[in-house]
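Contents: one structure, followed by commentary.
Number of protein chains: 2
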Amino acid sequence: MAGSELSSTGAPRTARARIRAELTREIKAAARAQLATSGAAALSLRAVARDLGMVSSAIYRYFPSRDELLTALIIDAYDAVGLAATEAEATVARSDLLGRWLGTALAVRCWAVRHPQEYALIFGSPVPGYSAPQDTIDPAARIPMLIIAAANEAAELPASKRPRAAAIPAPVRADLRALSAAIAPALDDEQLGRAVRAYTQLIGLISFELFGHLHNVIHDYEAHFEYQMRCVAADLGLGAG
Amino acid sequence: MAGSELSSTGAPRTARARIRAELTREIKAAARAQLATSGAAALSLRAVARDLGMVSSAIYRYFPSRDELLTALIIDAYDAVGLAATEAEATVARSDLLGRWLGTALAVRCWAVRHPQEYALIFGSPVPGYSAPQDTIDPAARIPMLIIAAANEAAELPASKRPRAAAIPAPVRADLRALSAAIAPALDDEQLGRAVRAYTQLIGLISFELFGHLHNVIHDYEAHFEYQMRCVAADLGLGAG
DNA sequence: CTCAGGCGAGAGCGGTGCTCTCGTTGCCGA
DNA sequence: TCGGCAACGAGAGCACCGCTCTCGCCTGAG
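Protein chains in written order, with the numbering used here: chain A, 1 to 241; chain B, 1001 to 1241.
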């Protein structure tokens, strides 16, 4: 556990540490596979161990508990969806604000549809007594950051395109000012409120789809999703290109 | 199991049936209590049985499996939140469209904050292989119905108040037309799309709050929630009174 | 070369959902 | 009125779970 196993750049140094890192990856991969087929609630340490030809107690050399394994999977999932969004957004011309937002939104939905159980892990109900460790908040912030960046640039466009917002009460304004002070000092409160709405709408709509709340209501999920995201873009004041 | 146990009005007839109904209620109450403290994943049939001074196998006389017990709790939760929303909405003057929407939204959030585990049961990740039985779709529709009713009446107001919506692609329009044909024939597609957004925003924001995604970001949850719901109302075209 | 320590195997603890087999008992129809 | 049936609760038991502990092996660092 002492840091001597890892060089400061993160690459395992000794042979033992290399094998340990590889086995850790294999355990996570097997757990992820089991997650995809049976869901998080049914994730069994013993089954993961069987898959790897080990005995269950050996897993505890690598993860101190089942919950710690789940936490590792959660962090990986945040990283994966954040990476998918970032890469998709990066391929769009910087000046195309609408395209950047749509690219982000569609990439997140695409990842979620492909990895529904991992999506449920991070955006579904948290496990009972579980509280997210600090390690998760950084990767979790990547998608909101993309949205806020687009909202920030949209704020420099002529304001007439954005609908009038309701007046912001003082306590809400305080929260929003603290948030914008930390990440986007030039962003006005109304626009930050719209960014929060956009993120809520993005995740809320994907959750509705994956958790079955639109079953027999919406059939062409992808088309409906893109339509709704375009409406959200209009609220954000993102131009047509 | 034959219908003879119940009169057509639903009241148990024989003493045995009355005891059975009462015990069924007690089991659900004990399960709900355990749910509130330990979460759905930790709901244990044996613990419920212990609470009631029974042995675990006796529970199976009333619920064929743990999942069936959970399903019963899910239906009860849908009923409870739908009832809370309906009652709150009913106290507002019919002509006050904004008040009716805000009353609905605040009532749903209030119920969710008071019963977070039951909320997670119905709006969080569904259990792995679980698919909602038909019994759940009717109570689940009560909140969307309230929103659609308000959206429908708002559509009769001068349209200038509502922002221009993006053009609706054909497949999306088909879904929306089928939906409105079933429940609100006079409702135009743009407005129905806004109602979907309003419902998504409502549930999405409550989920963000309860599942911890706004931790350290928003502090006055209630004020922020009401502000965002007012913005959603503006999108729906609901007047200020 | 030595030996501390990382490692996997195995047994075991208390818990779980669920099944089956018992007596018992309440109730319905003949 | 009464016989039989079905509902009921208790209990034992099965397979599985997370987790702990102890035991030898064997590697790699000093």
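All residues carry an ideal CB built from backbone N, CA and C; glycine is no exception.
Here the structure is a predicted model, which means the values were calculated and not measured.
- At least one CB atom of chain B sits nearer than 8 Å to the CB of A:G124.
- By alpha-carbon distance to B:Y1199, the top candidate from B:I1137, B:P1158, B:D1188, B:T1104 is B:T1104.
- Neighbours of A:Q201 in chain B, taken as residues whose beta carbon is under 9 Å from its own, are R1197, T1200, Q1201, G1204 in chain order.
- A:S95 and A:A151 have their C-alpha atoms some 13 Å from each other.
- B:A1155 is positioned such that its CB atom lies closer than 8 Å to that of B:L1187.
- Considering only beta carbons, the part of the region 1163-1178 of chain B lying closer than 7 Å to chain A consists of P1163, A1165, A1166, I1168, P1169, P1171, V1172, D1175, in chain order.
- Look at A:D67 here: in three-state DSSP terms it is helix.
- In the three-state reduction of the DSSP assignment, B:T1104 falls in the helix class.
- Within its own chain, the residues whose Cβ lies closer than 7 Å to the Cβ of B:V1055, once the five positions on either side in sequence are excluded, are A1049, listed in chain order.
- The distance from the Cβ of B:I1027 to that of B:Y1062 is about 6 Å, consistent with a contact at the 8 Å cut-off.
- If you compare the alpha carbons of A:L202, A:I148, A:A72, A:G204 with that of A:A195, the shortest gap goes to A:I148.
- In chain order, V1172, D1175, L1176, L1179, V1196 make up the part of chain B whose C-beta sits under 9 Å from the C-beta of A:I218.
- By the rule that beta-carbons nearer than 8 Å mark a contact, B:R1046 does not touch chain A.
- Assignment of A:I168 by DSSP, reduced to helix, strand and coil, places it in the coil class.
- In the three-state DSSP reduction, A:I59 falls in the helix class (H, G or I).
- Taking 8 Å as the CB threshold, B:Y1227 lines the interface with chain A.
- The way I'd put it, the region 1165-1185 of chain B doesn't touch the region 1072-1080 of chain B; fewer than three beta-carbon pairs between them come closer than 8 Å.
- Among the CB atoms of chain B, none fall inside 8 Å of the CB of A:F63.
- Per DSSP, reduced to three states, the secondary structure at A:E156 is coil, with no helix or strand assignment.
- Taking B:E1118 as the centre and dropping the five residues before and after it, the same chain places the C-beta of A1077 closer than 6 Å to its C-beta, in chain order.
- A straight line joining the alpha-carbon of A:L98 with that of B:A1030 spans about 51 Å.
- Rounded to whole angstroms, the gap between the alpha carbons of B:A1017 and B:L1043 is 26 Å.
- The Cβ atoms of A:V217 and B:L1214 lie no closer than 8 Å to each other.
- Setting aside the 5 residues that flank it on each side, A:I206 is surrounded in the same chain by R109, A112, each with a C-beta closer than 6 Å to its C-beta; the list follows chain order.
- Judged by DSSP in its simplified three-state form, A:D235 adopts helix.
- Chain-ordered, the chain B residues with CB closer than 9 Å to the CB of A:H224 read P1169, P1171, V1172, D1175, L1176, G1193, V1196.
- The continuous alpha helix (DSSP H) containing A:G204 extends over residues 189-210.
- The closest CA to that of A:D67, considering only A:A170, A:D79, A:L45, is found on A:L45.
- With respect to chain B, the C-beta atom of A:G239 has no partner C-beta closer than 8 Å.
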